[in-house]
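Working notes, structure below.
Numbering (the UniProt record's numbering), first residue to last: 1 to 330.
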């Protein structure tokens, strides 16, 4: 069932000011959805701020040329945040909100969630979710339609990037005919897909390139090549001159190996522990696996976090993934 946009429109009408929030380590769907929704709400006369717990990755700053996105602890403090409504986009999990989670818990503002992920925590928010949507950016387009807001180029550009990246540039199984209809409207609004592709994939730093080479060089296989796995340790970022955000989409490179049905990457975090990213091109459910380790996501893509050394985390996670791949491919 899709989101109830008539109820969304009615709820929005009661508020004058909004703070938009998304998950830590924001990706294109998080940032694009925030920026697109902010423009939609401003068009109908609302006051809007975007405040995240983590900075926008350098490689994605082109999405926000006016630097509208604020960062908690950098240019805004928790006590300076007040609004009628806090809108959380592209996540429904406390663990993914970082330090903004404390702000949300202590705020008396009403809460709204706009998201397409399956898992959810009790955040005390009104949910507008569609688990079938390929990206939260798609839901923002639907919200604009429900509010009667015409799409403009400034809205369409980040929303196109949101949908394009969450679908692997329209090659994932989540893509539907409706995806292309939405994308066509964004192009009609002024998006030039080749420019966004260039900004996303043709402006790598040397450090990012070297990091990806390191990731690929460490790739190993299990289950007769059906599962690929690799890792990055936190020391590697300094070693090759890269940023943690440079691991974005690196896991998808391992899926290019013939016969691969699933992949997992272990990414060392600066504060310790490892972020886990799972991908599946078979019946293995990444969301179910991620939930075992306190995370979540979709059937084809999900993530989690585990404390411990690389060897400890691998020893805990790999047997579960190997067994899931065996069951899904036999």
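Positions of the beta carbon are idealized from the N, C-alpha and C atoms, including for glycine.
(Q) Just to confirm my understanding: we take residue 135, look at its own chain, exclude 5 residues before and 5 after, and list those with CB closer than 7 Å. What are they? (A) Locating residue 135 in the chain shown gives position 135, counting from the first residue. Within the same chain, 29, 116, 162, 163, 166 and 167 come within 7 Å of residue 135 by CB-CB distance, once the 5 residues on both sides are set aside.
Q) Is it the case that the Cβ atoms of residue 87 and residue 37 are separated by a distance below 8 Å? A) Taking the chain shown and counting its residues from 1, one reaches residue 87 at position 87. Taking the chain shown and counting its residues from 1, one reaches residue 37 at position 37. Yes, the pair counts as a contact, with Cβ atoms nearer than the cut-off.
(Q) Rounding to the nearest angstrom, what Cα-Cα distance links residue 155 and residue 49 in this structure? (A) The residue you call residue 155 lines up with position 155 of the chain shown. The residue you call residue 49 lines up with position 49 of the chain shown. For residue 155 and residue 49, the gap between their C-alpha atoms comes out near 15 Å.
**Q.** Of the residues 53, 224 and 119, the one placed nearest residue 322, counting alpha carbons only
**A.** To locate residue 322, count along the chain shown from 1; it is residue 322. Looking at the Cα atoms, 224 is the closest of the given residues.
Q: Within 10 angstroms of the Cβ of residue 312, are there 16 or more other Cβ atoms? Answer buried if so, exposed if not.
A: Taking the first residue of the chain shown as position 1, residue 312 is located at position 312. Residue 312 counts as exposed, since fewer than 16 other beta carbons sit within 10 angstroms of its beta carbon.
Q. Which two residues bound the contiguous alpha helix (DSSP H) that contains residue 76?
A. As a working note, residue 76 is residue 76 in the chain shown. DSSP places residue 76 outside any alpha helix (DSSP H), giving it a letter other than H or E.
Q) Tell me which same chain residues have a C-beta within less than 7 Å of the C-beta of residue 270, skipping the five on either side of it? A) Position 270 of the chain shown, counting from 1, holds the residue named residue 270. Excluding positions up to five away in sequence, the list reads 234 and 244.
Q.
For residue 85, list the residues DSSP reports as bridge partners.
A. Locating residue 85 in the chain shown gives position 85, where the first residue counts as 1. Per DSSP, 18 and 110.
Q.
Could you check whether the segment 167-180 touches the segment 131-145, counting it as contact only if at least three pairs of C-beta atoms, one from each stretch, sit closer than 8 Å?
A. Here the segment 167-180 lies against the segment 131-145, with 3 or more beta-carbon pairs under 8 Å apart.
Q) Can the beta-carbon of residue 295 be found less than 8 Å from the beta-carbon of residue 276? A) Start at 1 with the first residue of the chain shown, and residue 295 comes out as number 295. Start at 1 with the first residue of the chain shown, and residue 276 comes out as number 276. A contact, by the Cβ cut-off of 8 Å.
Q. So what does DSSP say about residue 166, is it helix, strand or coil?
A. On the chain shown, residue 166 is found 166 positions in, with the first residue counted as 1. If DSSP states are grouped into helix, strand and coil, residue 166 belongs with the helices.
(Q) Between 267, 26 and 141, which has its C-alpha nearest residue 215's C-alpha? (A) The count along the chain shown starts at 1 and reaches residue 215 at position 215. Answer by Cα proximity: 267.
Q: Could you work out which residue in 228, 140 and 51 is closest to residue 4 when comparing CA atoms only?
A: One-based indexing of the chain shown puts residue 4 at position 4. Closest in alpha carbon position to residue 4, among 228, 140 and 51, is 140.
Q) What's the C-alpha gap between residue 70 and residue 159? A) Your numbering for residue 70 matches position 70 in the chain shown. Your numbering for residue 159 matches position 159 in the chain shown. For residue 70 and residue 159, the distance between alpha carbons rounds to 19 Å.
Q. Using DSSP with H/G/I as helix, E/B as strand and the rest coil, what is residue 188?
A. Within the chain shown, the letter at position 188 stands for residue 188. In this structure, residue 188 counts as helix in the three-state DSSP scheme.
(Q) Comparing C-alpha positions only, which one of 208, 123, 102 and 262 sits nearest to residue 112? (A) Working through the chain shown from its first residue, we reach residue 112 at position 112. Of 208, 123, 102 and 262, the residue nearest in Cα terms is 123.
**Q.** Cα-Cα separation, residue 103 to residue 84
**A.** Counting from one through the chain shown, the residue named residue 103 turns up at place 103. Counting from one through the chain shown, the residue named residue 84 turns up at place 84. Approximately 14 Å, taken between the alpha carbons.
Q: Using alpha carbons as the reference points, say which of 19, 92, 128 and 33 lies closest to residue 80.
A: Here the question's residue 80 lines up with position 80 in the chain shown. Cα-wise, what sits closest to residue 80 is 19.
Q) Near residue 33, which residues of its chain fall below 6 Å by C-beta distance, leaving aside the five closest residues on each side in sequence? A) As a first step, residue 33 must be located in the chain shown, where it is residue number 33. Scanning its chain for C-beta atoms nearer than 6 Å, with the 5 sequence neighbours on each side dropped, one finds around residue 33 the residues 89, 90, 136, 137, 140 and 162, in chain order.
(Q) Looking only at its chain, what residues have a beta carbon closer than 6 Å to the beta carbon of residue 304, apart from the 5 residues adjacent to it on each side? (A) Stepping through the chain shown from its first residue, residue 304 is reached at position 304. Only 276, 290, 293, 294 and 295 meet the Cβ criterion.
Q: Within its chain, find whatever has a CB closer than 7 Å to the CB of residue 326; leave out the 5 residues flanking it on each side and keep chain order.
A: Translated into the one-based positions of the chain shown, residue 326 becomes position 326. Exclusion of the five residues before and after residue 326 leaves 223 as the residues of its chain whose Cβ lies within less than 7 Å of its Cβ.
Q) Hey, quick one: how far does the alpha helix (DSSP H) through residue 251 stretch, first residue to last? A) For the purposes of this step, residue 251 is taken as residue 251 along the chain shown, with counting starting at 1. Per DSSP, residue 251 is one residue of the alpha helix (DSSP H) stretching across 250-254.
Q: Would you kindly work out how many angstroms separate the C-alpha atoms of residue 329 and residue 218, rounded to a whole number?
A: To locate residue 329, count along the chain shown from 1; it is residue 329. To locate residue 218, count along the chain shown from 1; it is residue 218. Taking the straight line joining both Cα atoms gives about 24 Å.
Q) Apart from the five residues just before and just after residue 211, which ones in its own chain have a Cβ nearer than 6 Å to its Cβ? A) Sequence index remark: in the chain shown, residue 211 carries index 211 (1-based). So the qualifying residues of the chain are 240, 242 and 246.
Q) Cβ atoms of residue 280 and residue 256: under 8 Å apart, would you say? A) Looking up residue 256 in the chain shown gives position 256. Looking up residue 280 in the chain shown gives position 280. No; because the gap between Cβ atoms is not below 8 Å, this pair is not in contact.
Q.
For residue 26 and residue 285, what's the separation of their Cα atoms in angstroms?
A. On the chain shown, position 26 is the one that residue 26 refers to. On the chain shown, position 285 is the one that residue 285 refers to. Using only the alpha carbons, I get a separation of about 23 Å.
(Q) Considering only DSSP beta bridges, list what residue 229 is partnered with. (A) In the chain shown, the residue the question calls residue 229 occupies position 229. DSSP, once it has assigned bridges, lists 220 and 264 as partnering residue 229.
Q. What residue from 128, 288, 300 and 44 has the CA that sits closest to residue 317's CA?
A. Within the chain shown, numbered from 1, the residue matching residue 317 stands at position 317. Check the Cα spacing between residue 317 and each of 128, 288, 300 and 44: the tightest is with 288.
**Q.** CB of residue 334 within 8 Å of CB of residue 231, strictly
**A.** An answer regarding residue 334 cannot be provided, because it is not within the stretch 1 to 330 covered by the chain.
Q) With a Cβ-Cβ cutoff of 8 Å, do residue 98 and residue 51 count as a contact? A) Your numbering for residue 98 matches position 98 in the chain shown. Your numbering for residue 51 matches position 51 in the chain shown. For the 8 Å CB-CB criterion, residue 98 and residue 51 do not form a contact.
Q. From what residue to what residue does the beta strand (DSSP E) around residue 320 run?
A. Residue mapping note: residue 320 aligns to position 320 of the chain shown, counting from 1. Unbroken run through residue 320 is the alpha helix (DSSP H), 310-329; no beta strand (DSSP E).
Q: Give every residue of the same chain whose Cβ lies closer than 8 Å to the Cβ of residue 227, excluding the five residues on either side of it in the sequence, and list them in chain order.
A: What you label residue 227 is simply residue 227 of the chain shown in a count that begins at 1. Answer for residue 227: 221, 260, 261, 262, 263, 264, 321, 322 and 325, listed in chain order.
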